[in-house]
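Here's the structure we're looking at; comments come further down.
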Amino acid sequence: RRAAWPYAHLEPPPDAIPVNQIGTPVNVPVAGSPVLVFSYLVPSGFRFIMQGIVQSVSFAAGGFAFNAGDSLWTVTVNPLNGVQANPVQGLIQVPVPLGSWLFGTQWRFPMPYIFQGLDLVSSVATNVNLNAGPPDAYVTGFLGYLIQQ
412 RRAAWPYAHL
422 EPPPDAIPVN
432 QIGTPVNVPV
442 AGSPVLVFSY
452 LVPSGFRFIM
462 QGIVQSVSFA
472 AGGFAFNAGD
482 SLWTVTVNPL
492 NGVQANPVQG
502 LIQVPVPLGS
512 WLFGTQWRFP
522 MPYIFQGLDL
532 VSSVATNVNL
542 NAGPPDAYVT
552 GFLGYLIQQ
């Protein structure tokens with residue numbers, strides 16, 4: 412294994428294009444409802460190497476305690492923008508925020524996720540026990556880089 416180091420996709424190659432896509436905040440829906448928080452379409456002819464993610468919730472001034480399970484986040488990939496969305500292994504109904512928009516930190520994956528050209532990568536949050544509507548909102552960001560296929 413020493414001869415193969417540095418391992419593929421842990422560090423971007425020199426010709427990689429950075430991806431730091433963070434969506435606009437989306438209002439928390441009523442309890443039990445899912446909402447599309449953010450989508451990223453991988454450009455044709457490229458692969459998206461997702462090294463990290465931000466899936467967070469912002470609260471009104473004065474703060475609000477988040478308890479595990481108050482929301483569930485799922486990342487799906489919809490190859491070629493078809494109708495069937497497939498959940499991404501390890502990112503299905505995650506019961507805690509990953510990363511923080513408030514502190515500007517991302518949740519880095521030990522092994523990046525790889526998506527092909529024209530894959531539509533989406534983050535969906537389901538409200539379980541949060542107050543609906545503004546000023547409470549979900550925020551998602553996908554971070555990594557693009558390489559040509």
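Each residue of the sequence shown is one higher than the last, beginning at 412 in the numbering used here. For every residue, glycine included, the Cβ atom is placed at its ideal position computed from N, Cα and C. Nothing here was measured: the structure is a model prediction, and the numbers come from that model.
- Here the alpha carbons of V505 and V437 stand approximately 18 Å from one another.
- Cα atoms of P523 and E422: separation of roughly 10 Å, rounded to the nearest angstrom.
- Setting aside the 5 residues that flank it on each side, I558 is surrounded in the same chain by A427, R458, each with a C-beta closer than 6 Å to its C-beta; the list follows chain order.
- Take the alpha-carbon of P424 and the one of S534: they are about 27 Å apart.
- Residue pairing by DSSP puts V505 in a beta bridge opposite W484.
- Of the candidates G443, H420, W518, the residue whose Cα lies closest to the Cα of G480 is G443.
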